[in-house]
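Enquirer: Quick note, the sequences are listed as chains V and E, same order. Going by this note's numbering, the first sequence opens with residue 1, and the numbers climb by one from there. Going by this note's numbering, the second sequence opens with residue 1001, and the numbers climb by one from there. No residue lacks a Cβ here, since even glycine has one placed at the ideal position from N, Cα and C. Dropping the structure in here first, questions after.
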Amino acid sequence: MKQLMLSLLGGAALLAAQTGANAQTLINGAGSTFDYPAFAKWFAAYAKVDPGVQFNYQSIGSGGGQHLLLNRTVDFGASDAYMTDQAMAGAPGKILHVPVVCGGVAIAYNLPGVPHLKLDGRTLANIFLGKITKWNDPAIAGQNPGVQLPAMPIIPVHRTEGSGTTWIFTGYLSSISPEWKSQVGHSVSVNWPSGVGLGAKGSEGVAGQVRQLPGAICYVELAYAIQTHMSYAAMKNAAGRYTLPTLEAVSAALSTAHVPPDFRFEFPNPPGPKVYPICGVSWVLVYQHPDDAKRAKGLVKFLRWAVTDGQKITPSLDYAPLPPNVQKQILAELDTITY
Amino acid sequence: MTAPNHRWRQFKNGLMQTVMLVCAVLAILPLVLVFYYLVDKGFSSLNWAFFTKLPAGPGETGGGMANAIVGTFVLLMLAPLVGVPVGVLGGVFLSEYGGRRLNWWIRFSADILNGVPSIVWGVVVYGLLVVALPAPFRGTVQSVDVAKHLVTVQSRTGARREFAVDAETRLNLNGKIPLASLRPGTGVLIWYHNHQATRVADSISAPGLWSSVVAAIIQWHNAISGFSALAGGLALGLMMIPLVMRTTEEVLQLVPHGYREAALALGIAQWRTTVQIVMRTALKGIVTGILLALARVAGETAPLLFTALGNRLWAHLTQPTAAIPLQVYIYAISPYDDWHRQAWAGALVLLLLVLVINIGVRFLTRDRLRGKV
């Protein structure tokens, strides 16, 4: 009995110690895995700018981020698919879309001995439709003269949860392939052709899966492909050139986009010789009139920093910086947040 | 002289014994393999930083799981606060009190609850404790902007708030009233999320006791709602209830009936017999059951996904909290080698934790077998 009391006391002390662990404001966010590498860098750098706030970001996927924001269980959501009017109608308050990063979706693959690969959108659609099943298929070999392609089966890996990366990817394929548009469509989570490939959770999961499976191919935010040293394909753009998702190519794609006042925009397969064709913007989703003033204040201050000074950090992860005029537009939008 | 089928019977006997031996080994083999694998892969990653440092960012090397280890201990301290009182008292009721038919239903429900997938507990607690309720605001209408769907209300303490009252809002609790008919000076009770009113009740006079109590409860609920260690602990605690209840009942049933009769014959009240004779006799068994339930929930990931959520930092009880199983899950599906390494180490730590609890159980039960009850 005495021991029991002692251990209970010890437990209470531990709880008390943990409760007193931090006096900083904790801001919770969840959503996009596309953004996660950028957020991780930002949070580390921002600790020096405003040591009074801390951020906890859980990369559960864009769909999850939207859902938790609608339930008001997080201070901000992050999504690389914008919310539809219908989705926002059920929200307890107006939701603002704050673009924070623009990135390329890399087509990463695991094919030993093939460090460079060229693909066009139609071939990519056919791979994910299950119509091209071998790596040495003429459709692939034709675009890659001189490359020794093995007769290995192709394993397309897709995201299982609601994902903004899926939204950007299926948006691109829908703009290229009418068959894809009618059979699979453009959404954060689609009905993948049955029996084709595998599913994995999160960008982390998809990248992890492809790394371990020779013959696998996936679409994943570029930072993940680079961090895990995977090869990714050069994609044929609308001008007929094969481009890699470099900083320049993604920036060029972003410069073609028309940015509407509510920032809900996409630009699948944009025109121009230098652009990379599969790019998208990722948004932080916040309420215009949040309840908790202290956290809202910290969050707005952070967002102002992220879309200006923060944009100087993200190019190291190959996210394209937001153009100055868009930055100004966003700052004006952030000014409308009251708490 | 042996029977004609002697050799055949010997063969059958040997065969069946071999089959049983193989099955027994097969049952133990996974444990041995899991343990071997975890030690092999995880042990080399266990270092000082693993126990003392916070997690590193994606793609970076180093860091540790200090917050997740503490988080798991915190959860394992919170869970019994819910699971033990309800489970033990429920078990006592089943064994010592209660009618036959009622007990059958309780046992039946507890057994079904034991089989409920653990993620369900997470979802239940998500609805109960994570999602905030609409908050009440009481005051008098200052102005109504019908075009913009806005109502400004001032409370008795002088606080002024503006609420969006649109088509989704239920105006008046009994049937709808048009927004235009809401006049300045009317007393209203508004339920709201953010600045969006979800319900507006008009013609409200002084607050009654009942509504004040409801408002206080909601305010208290909203103050602690959100992803937190509390929510995670509650989910694990709910999982423990049926486990503890059934084991408690079973060990109480093992106490010889004569003990109870002897106590009652001496004129000791039934509650006293139950607490001081029956429960005292079975105390070690009850504690064993509690520890086993604790070991069972210690490794659960699913109930924590929607409740504790996970955190890369230290946290208060009311903030999202890291836990070893969550961190192992997140790290295991990641593409980063260093995270894989730490996932193995985390799994090893978790296994050792459960092992320590189980050894504690052995220790207690060994004592009991010696007849020191």
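Determine the chain E residues that contact V/Asn136 at a beta-carbon separation under 9 Å, and present them in chain order.
Expert: Residues of chain E passing the Cβ test: none, with the nearest at roughly 27 Å.
Enquirer: For V/Gln54, which residues in chain E fall below 7 Å Cβ to Cβ?
Expert: Simply Leu1313.
Enquirer: Just to confirm, is the Cβ distance from V/Gly205 to E/Ile1333 under 8 Å?
Expert: Yes, these two residues count as a Cβ contact at 8 Å.
Enquirer: Among V/Asp309, V/Tyr319 and V/Thr73, which residue has its Cα nearest to the Cα of V/Leu331?
Expert: The shortest Cα separation from V/Leu331 among V/Asp309, V/Tyr319 and V/Thr73 belongs to V/Asp309.
Enquirer: Who are the neighbours of V/Asn110 on chain E, taking C-beta pairs under 9 Å?
Expert: Near V/Asn110 there are no residues of chain E at all, since even the closest Cβ is about 11 Å away, more than 9 Å.
Enquirer: Looking at the C-beta of V/His116, does it have a partner C-beta in chain E at a distance below 8 Å?
Expert: By this cut-off, V/His116 is not an interface position.
Enquirer: So, E/Thr1365 versus E/Thr1248, is the Cβ gap smaller than 8 Å?
Expert: Not in contact: E/Thr1365 and E/Thr1248 (Cβ atoms no closer than 8 Å).
Enquirer: Taking the C-alpha atoms as reference points, what is the distance between E/Ala1135 and E/Asn1222?
Expert: Computed Cα separation, rounded: 8 Å.
Enquirer: How many Å lie between V/Val326 and V/Val259 at the Cα?
Expert: Cα-Cα distance, rounded: 8 Å.
Enquirer: Let me check understanding here. Comparing Cα to Cα, which of E/Ala1110, E/Pro1080, E/Phe1073 and E/Ala1079 lies closest to E/Gly1374?
Expert: Because chain E spans 1001 through 1373 in this model, residue 1374 of chain E falls outside it and cannot be assessed.
Enquirer: Shorter than 8 Å from the beta carbon of V/Ile337 to some beta carbon of chain E?
Expert: It does not; no Cβ of chain E falls within 8 Å.
Enquirer: Excluding sequence positions up to five away, which residues of its chain have a Cβ less than 7 Å from the Cβ of E/Asn1013?
Expert: Around E/Asn1013: no qualifying Cβ.
Enquirer: Which chain V residues sit within Cβ distance under 9 Å of E/Thr1198?
Expert: Here the neighbours are Pro92.
Enquirer: Check whether the stretch 174-182 of chain V and the stretch 1301-1321 of chain E are in contact - that is, three or more C-beta pairs closer than 8 Å.
Expert: At 8 Å Cβ cutoff, the stretches do not touch.
Enquirer: Just the Cα atoms here: how many angstroms apart are V/Gly146 and E/Gly1232?
Expert: Each residue's Cα considered, the two are about 57 Å apart.
Enquirer: For E/Gln1319, return the contacting residues in chain V, with the cut-off set at a CB-CB distance below 8 Å.
Expert: The answer, in chain order, is Leu26, Asn28 and Asn56.
Enquirer: Any Cβ of chain B within less than 8 Å of the Cβ of E/His1193?
Expert: Among the protein chains in the structure shown, which are V and E, there is no chain B.
Enquirer: Against V/Arg211, what residues of chain E qualify as contacts under a CB-to-CB distance less than 8 Å, listed in chain order?
Expert: Near V/Arg211 (Cβ distances below 8 Å), the residues of chain E are Pro1335.
Enquirer: Look at E/Thr1252 and E/Glu1096 and say whether their C-beta atoms are less than 8 Å apart.
Expert: Here residue 1252 of chain E is Leu; the residue named in the question, Thr, does not match the sequence. Yes; because the gap between Cβ atoms is below 8 Å, this pair is in contact.
Enquirer: V/Asp292 to V/Val196, Cα distance in whole Å?
Expert: One C-alpha to the other measures close to 46 Å.
Enquirer: Rounding to the nearest angstrom, what Cα-Cα distance links V/Ser32 and V/Thr165 in this structure?
Expert: Distance between the alpha carbons of V/Ser32 and V/Thr165 is about 8 Å.
Enquirer: Curious, which full-length alpha helix (DSSP H) runs of at least 4 residues does the stretch 173-207 of chain V contain?
Expert: As far as the stretch 173-207 of chain V is concerned, its whole alpha helix (DSSP H) runs of at least 4 residues are 178-183.
Enquirer: Determine which residues share a DSSP beta bridge with V/Ser231 and list them.
Expert: Paired residues: V/Tyr109.
Enquirer: If the cut-off is 9 Å on Cβ atoms, which residues from the stretch 139-163 of chain V count as contacting chain E, listed in chain order?
Expert: Here the close residues number zero.
Enquirer: Looking at the C-beta of E/Gly1285, does it have a partner C-beta in chain V at a distance below 8 Å?
Expert: False, the Cβ-Cβ gap to chain V never drops below 8 Å.
Enquirer: Measuring only between beta-carbons, confirm whether E/Pro1058 sits less than 8 Å from chain V.
Expert: At least one chain V Cβ lies under 8 Å of E/Pro1058.
Enquirer: Between the stretch 63-74 of chain V and chain E, which residues of the former have a C-beta closer than 9 Å to a C-beta of the latter?
Expert: Residues Leu68, Asn71, Arg72, Thr73 and Val74.
Enquirer: Classify V/Tyr339 as helix, strand or coil using the three-state DSSP reduction.
Expert: Coil.
Enquirer: Does any CB atom of chain E fall closer than 8 Å to the CB of V/Thr228?
Expert: True, the Cβ-Cβ gap to chain E drops below 8 Å.
Enquirer: Which class does V/Phe55 belong to by DSSP, given the choice of helix, strand or coil?
Expert: It is a strand residue.
Enquirer: Leaving out five residues before and five after V/Leu70 in sequence, what residues of the same chain have Cβ atoms less than 7 Å from its Cβ?
Expert: So the qualifying residues of the chain are Gly90 and Ala91.
Enquirer: Distance check for V/Thr133 and E/Ala1164, CA to CA, integer angstroms please.
Expert: Straight-line Cα distance between these residues: approximately 54 Å.
Enquirer: Roughly how many whole angstroms lie between the Cα atoms of V/Glu266 and V/Gly280?
Expert: Approximately 6 Å, taken between the alpha carbons.
Enquirer: Under the three-state reduction of DSSP, which class applies to V/Asn28: helix, strand or coil?
Expert: Here V/Asn28 sits in strand by DSSP.
Enquirer: Of all Cβ atoms in chain E, is any one closer than 8 Å to the Cβ of V/Ala207?
Expert: Chain E contact via Cβ: present.
Enquirer: Count the other C-beta atoms from every protein chain shown that fall within 10 angstroms of the C-beta of E/Gly1148, then say buried if there are 16 or more, exposed otherwise.
Expert: Gly is not the amino acid found at residue 1148 of chain E; the sequence shown has Lys there. Classification for E/Lys1148: exposed.
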